[in-house]
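Protein chains: 2
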Amino acid sequence: MQEMYTIGIDLGGTKIEAAAITLSGEIIHSHSILTKVTAGYPGVKAQLVEIIHTITSLLPANSLLGIGIGVPGQVEAKTGDVIFAPNLQWHQVPLLQDLEEACNSPIFVLNDLRAITVGEWLFGAGKNSSNLFCMFIGTGIGGGMICEGRLMQGSENSFGEVGHTPVNFKGPICTCGNHGCLEAYAGGWAIARNAKERIQADPSKGKAILKHCSRVEDINATHVFQAYREGDPLASEVVEEAIEALIAGCIGVVNLTNPEKLILGGGVLNGFQGFFQRIKRGIEKGALKVAVRSLEIVPAALGKHSGVIGAAAMVIHNQKRGNVGNETTYKL
Amino acid sequence: MQEMYTIGIDLGGTKIEAAAITLSGEIIHSHSILTKVTAGYPGVKAQLVEIIHTITSLLPANSLLGIGIGVPGQVEAKTGDVIFAPNLQWHQVPLLQDLEEACNSPIFVLNDLRAITVGEWLFGAGKNSSNLFCMFIGTGIGGGMICEGRLMQGSENSFGEVGHTPVNFKGPICTCGNHGCLEAYAGGWAIARNAKERIQADPSKGKAILKHCSRVEDINATHVFQAYREGDPLASEVVEEAIEALIAGCIGVVNLTNPEKLILGGGVLNGFQGFFQRIKRGIEKGALKVAVRSLEIVPAALGKHSGVIGAAAMVIHNQKRGNVGNETTYKL
């Protein structure tokens, strides 16, 4: 029998990564280009069509099962329309329909973190588990959940938006307008902001961070982590608070949803060694006994290609389920 | 065809309520006795057997489909063993097995709030909805979730334990040992405790509450609500904080799990008029747009018999699914 492939695409605000992937999750070709966000939806759509053709041309004829696209935004489950993707400046675009017409192959469009969740489940840290929560801590914080062998979607396809869990209702304002969200403490943008605000309040304190970055307005989370590793008190305050917030956010998730695996990934988590272990211990100490009794807390396993593998995994999962169309449906 | 019935039992630390219920959720007989907690597991088990026999004797022969028992504690899904029920002082008791031997009828044992969730779903505020979260705010806070037409169980059957979501990781200690849980602000016990602590810190302030209750150690949530309605500043501080915490907790739930209905019930919610509306408005203002776009926030509908109806609903739900045994299983 002919070997079949899928194409996974990780569509980001900076770059588009595409890869041809085997049914067991291995990458056989990959290709990456910078995203022309300023070219608007038509421009980026043309880039997607081109990269799909490039990858398809490398595959044997009739070997393509389908194409999965992970989008940094909100996707309408049934239609595959992208409702809102701030980093791409997209509002309500019919991505699935447009690509299906241009590419003559089944297309699946879904949120990027939900895609990575499916990838970790089928091919990564969540293999052989049917109840898991994936949390990704990068510039923003998001996630996805598998319950009893199903990708949770919720009523508007946003199940897993863990970044906007209030972990301190008296806390600082978040980009969403609410107070004390997990992301407002532990997202990369917040770590940077919270350091900047402290320096602006007391400029005598910022020196260790400003060694790595000359101007206060240019501080990012990496600079804060560098100063933290050097023992800087201001950076410590910001990072320790981020860790406490992450522990609280994870405790909320495991107490509420009782997964058997909590998979943690993302750039902030990799910001320094020991971060993961601190969070793991904090959860194990603070969560309900019933919630941690059989809980495994593990780092994400797919690494930097998780986006393309996840998008491809979604195609494989949907095909296995015999689903027609974009939506992941399950028998009741 | 003969009409069939189920028996629903709400087993509480104070009383045991049992009712015979039609397949459309109507109560036809009900009976209630005080729980002899001090008689230990054998004593309470004997009470259960007796009340089951009393209700069964009122039904036509061969008309009993099964008996559902909602337990205030943690239940092992497969076996129906009660792992831990603090108000009953039970640790690891084989309730399902013992009752099945004594009653010669299919028995279903589950957590009381998960039972009420199924009841609200089949017969109450959640009818015709397949994605809903129920939250009950009483002495403690708990809940349950239906996703895509399925009762969520989690890996240890504790999906829905929303009371121990941290809403302020810098907040007061909770009975679970962690800090700033939702329940540590808004559970009835916490409303009482938080008022007591404030009075103990400044005895000049407690007068309005102490009008309703002579000694500080006897203050309960009802006294605090009475003083709140009279405009007492200390009671206001405690209750306003509870409302803010509840809004934050609900925002966390709807952002994370994206239900189409959030059903709120329980004694604290009914503590004063306007409480429900305040919480509803707070959620609608503070949650993510995607999470509230199609969200309905509604009060629980089953009222004081929700426990027995819920326990019976679980029997009906399991029978409809053709399940054998205690566990609610679904096809993948």
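Residue numbers (the numbering used here), protein chains in the order written: chain A, 892 to 1223; chain G, 892 to 1223. For every residue, glycine included, the Cβ atom is placed at its ideal position computed from N, Cα and C. The structure presented is a predicted model; accordingly, all values stated were derived computationally and were not measured.
Per-residue burial, G:A1016 [other beta carbons within 10 Å of its own, 16 or more giving buried]: Sequence index remark: in the second sequence, residue 1016 of chain G carries index 125 (1-based). By the 10 Å Cβ count, G:A1016 comes out buried.
Would DSSP call A:Q1164 helix, strand or coil? In the first sequence, residue 1164 of chain A corresponds to position 273, counting from 1. Residue state, collapsed to three classes: coil.
Assigned exposure category for A:I1200 - 16 Cβ within 10 Å defines buried: For the purposes of this step, residue 1200 of chain A is identified with residue 309 of the first sequence, where counting begins at 1. Answer is buried; the Cβ neighbour count reaches 16.
Can you list, in chain order, the stretches of the alpha helix (DSSP H) that have 4 or more residues and sit fully within the region 1033 to 1062 of chain G? none
For chain A, is any of its Cβ atoms less than 8 Å away from the one on G:I1007? For the purposes of this step, residue 1007 of chain G is identified with residue 116 of the second sequence, where counting begins at 1. By this cut-off, G:I1007 is not an interface position.
I'd like to know whether the C-beta of A:F1116 is nearer than 8 Å to at least one C-beta of chain G. As a position in the first sequence, residue 1116 of chain A is number 225, starting the count at 1. Not an interface residue.
Which residues, taken in chain order from the region 1053 to 1084 of chain G, show a beta carbon closer than 7 Å to some beta carbon of chain A? V1053, H1055, T1056, P1057, V1058, N1059, F1060, K1061, C1067 and N1069
A:L1223 at chain G interface by Cβ criterion, 8 Å: On the first sequence, residue 1223 of chain A is found 332 positions in, with the first residue counted as 1. Residue confidence for A:L1223 is low, a pLDDT of 49 falling below 50, so the modelled location carries little weight; the figure read from the coordinates is stated next. It does: the Cβ of A:L1223 has a partner Cβ on chain G nearer than 8 Å.
Take G:E1011 as the anchor and find which of G:G1213, G:Y1221 and G:P1190 has the nearest alpha-carbon. As a first step, residue 1011 of chain G must be located in the second sequence, where it is residue number 120. For the residues G:G1213, G:Y1221 and G:P1190, the minimum Cα distance to G:E1011 belongs to G:P1190.
What are the partner residues of A:M1026, as DSSP defines its beta bridges? Taking the first residue of the first sequence as position 1, residue 1026 of chain A is located at position 135. Answer by DSSP bridge pairing, in chain order: A:G1034 and A:L1155.
Can you grab the Cα-Cα spacing for the pair A:T1113 / A:R1184, in whole Å? For the purposes of this step, residue 1113 of chain A is taken as residue 222 along the first sequence, with counting starting at 1. For the purposes of this step, residue 1184 of chain A is taken as residue 293 along the first sequence, with counting starting at 1. Straight-line Cα distance between these residues: approximately 35 Å.
Output yes or no for whether 8 Å exceeds the beta carbon distance between G:R1041 and G:Y896. For the purposes of this step, residue 1041 of chain G is identified with residue 150 of the second sequence, where counting begins at 1. For the purposes of this step, residue 896 of chain G is identified with residue 5 of the second sequence, where counting begins at 1. The answer is no: Cβ separation not under 8 Å.
Name, going along the chain, the residues of the region 1165 to 1191 of chain A whose beta-carbon falls closer than 7 Å to a beta-carbon of chain G. G1177, L1179, V1181, A1182, R1184 and S1185
With a threshold of 16 other CB atoms inside 10 Å of the CB of A:L1223, please say whether the residue is buried or exposed. Here the question's residue 1223 of chain A lines up with position 332 in the first sequence. Summary for A:L1223: the model assigns pLDDT 49, below 50, so the residue's position carries little reliability, and this model does not support an answer.
Start and end of the beta strand (DSSP E) containing A:H944? Translated into the one-based positions of the first sequence, residue 944 of chain A becomes position 53. Unbroken run through A:H944 is the alpha helix (DSSP H), G931 to T947; no beta strand (DSSP E).
Applying a beta-carbon distance threshold of less than 7 Å, which residues of chain A neighbour G:F1050? Here residue 1050 of chain G corresponds to residue number 159 of the second sequence, with the count starting at 1. Under the 7 Å cutoff, chain A gives T1148 and N1149.
What is the rounded straight-line gap between the Cα of G:K1102 and the Cα of G:R1212? Within the second sequence, the letter at position 211 stands for residue 1102 of chain G. Within the second sequence, the letter at position 321 stands for residue 1212 of chain G. Distance between the alpha carbons of G:K1102 and G:R1212 is about 54 Å.
Alpha-carbon to alpha-carbon, G:S923 and G:P1057: By 1-based counting over the second sequence, the position of residue 1057 of chain G is 166. By 1-based counting over the second sequence, the position of residue 923 of chain G is 32. Rounded to the nearest angstrom, the two C-alpha atoms are 36 Å apart.
Beta-carbon neighbours of G:S1046, restricted to chain A and to distances below 8 Å: Residue mapping note: residue 1046 of chain G aligns to position 155 of the second sequence, counting from 1. By Cβ distance, chain A contributes N1022, N1149, P1150, E1151, S1185 and L1186.
What residues in its chain sit with their C-beta under 7 Å from that of G:Q980, if we drop five residues either side in the sequence? Along the second sequence, read from residue 1 onward, the residue named residue 980 of chain G stands at position 89. Cβ within range, chain order: V928.
Distance, G:R1005 Cα to G:E1187 Cα: Position 296 of the second sequence, counting from 1, holds the residue named residue 1187 of chain G. Position 114 of the second sequence, counting from 1, holds the residue named residue 1005 of chain G. Computed Cα separation, rounded: 20 Å.
In whole angstroms, what is the alpha-carbon distance linking A:T905 and G:A968? Position 14 of the first sequence, counted from the first residue, corresponds to residue 905 of chain A. Position 77 of the second sequence, counted from the first residue, corresponds to residue 968 of chain G. When rounded, the distance between both Cα atoms is 47 Å.
If contact means a Cβ-Cβ distance below 7 Å, which residues of the region 1120 to 1143 of chain A contact chain G? E1135, A1136, A1139, I1142 and G1143
Going along the chain, which residues of its own chain have a beta-carbon closer than 8 Å to the beta-carbon of G:G903, five neighbours each way excluded? By one-based count along the second sequence, residue 903 of chain G stands at place 12. So the qualifying residues of the chain are T926, P963, N978, D1003 and G1198.
Beta-carbon neighbours of A:C1038, restricted to chain G and to distances below 7 Å: On the first sequence, residue 1038 of chain A is found 147 positions in, with the first residue counted as 1. Near A:C1038 (Cβ distances below 7 Å), the residues of chain G are C1038 and M1043.
May I ask you to report which of helix, strand or coil DSSP gives A:N1214? Here residue 1214 of chain A is taken as the residue at index 323 of the first sequence, counted from 1. Coil at A:N1214, not helix or strand.
Can you have a look at G:P1094 and say buried or exposed, based on whether 16 or more other CB atoms are within 10 angstroms of its CB? Within the second sequence, numbered from 1, the residue matching residue 1094 of chain G stands at position 203. Exposed, by the Cβ-count rule.
Closest by C-alpha distance to A:L1179, when choosing among A:N1146, A:A1139 and A:Y1119: Here the question's residue 1179 of chain A lines up with position 288 in the first sequence. Ranking A:N1146, A:A1139 and A:Y1119 by Cα distance to A:L1179 puts A:N1146 first.
Along the chain, where does the alpha helix (DSSP H) containing A:T897 start, and where does it finish? Taking the first residue of the first sequence as position 1, residue 897 of chain A is located at position 6. Per DSSP, A:T897 belongs to no alpha helix (DSSP H); it is in the beta strand (DSSP E), Y896 to L902.
How far does the beta strand (DSSP E) with A:H982 in it extend, from its first residue to its last? Taking the first sequence and counting its residues from 1, one reaches residue 982 of chain A at position 91. W981 to V984 is the span of the beta strand (DSSP E), which, as asked, contains A:H982.
Spatial distance of G:H1208 from A:N995 (CA atoms): By 1-based counting over the second sequence, the position of residue 1208 of chain G is 317. By 1-based counting over the first sequence, the position of residue 995 of chain A is 104. Approximately 43 Å, taken between the alpha carbons.
Short of 7 Å in beta carbon distance, which residues of its chain neighbour A:K1176, apart from the five on each side in sequence? Order them along the chain. Numbered from its first residue, the first sequence carries residue 1176 of chain A at position 285. So no residue of the chain qualifies.
Between G:G1045 and the ligand SAM, is the CB less than 7 Å from at least one heavy atom? Although the ligand SAM was asked about, the structure shown includes no ligands whatsoever.
Are the beta-carbon atoms belonging to G:F1014 and G:I960 less than 8 Å from one another? Translated into positions along the second sequence, residue 1014 of chain G becomes position 123. Translated into positions along the second sequence, residue 960 of chain G becomes position 69. No, the Cβ-Cβ distance between G:F1014 and G:I960 is not below 8 Å.
Since A:L1023 and A:P1150 are thought to touch, with beta carbons under 8 Å apart, how far apart are those beta carbons, to the nearest angstrom? Indexing the first sequence from 1 puts residue 1023 of chain A at position 132. Indexing the first sequence from 1 puts residue 1150 of chain A at position 259. Between A:P1150 and A:L1023 the Cβ distance is about 5 Å, and since that is below 8 Å, they are a contact.
If the cut is a Cβ gap below 8 Å, which residues of chain A does G:Q965 touch? As a first step, residue 965 of chain G must be located in the second sequence, where it is residue number 74. What G:Q965 touches in chain A: V1181.
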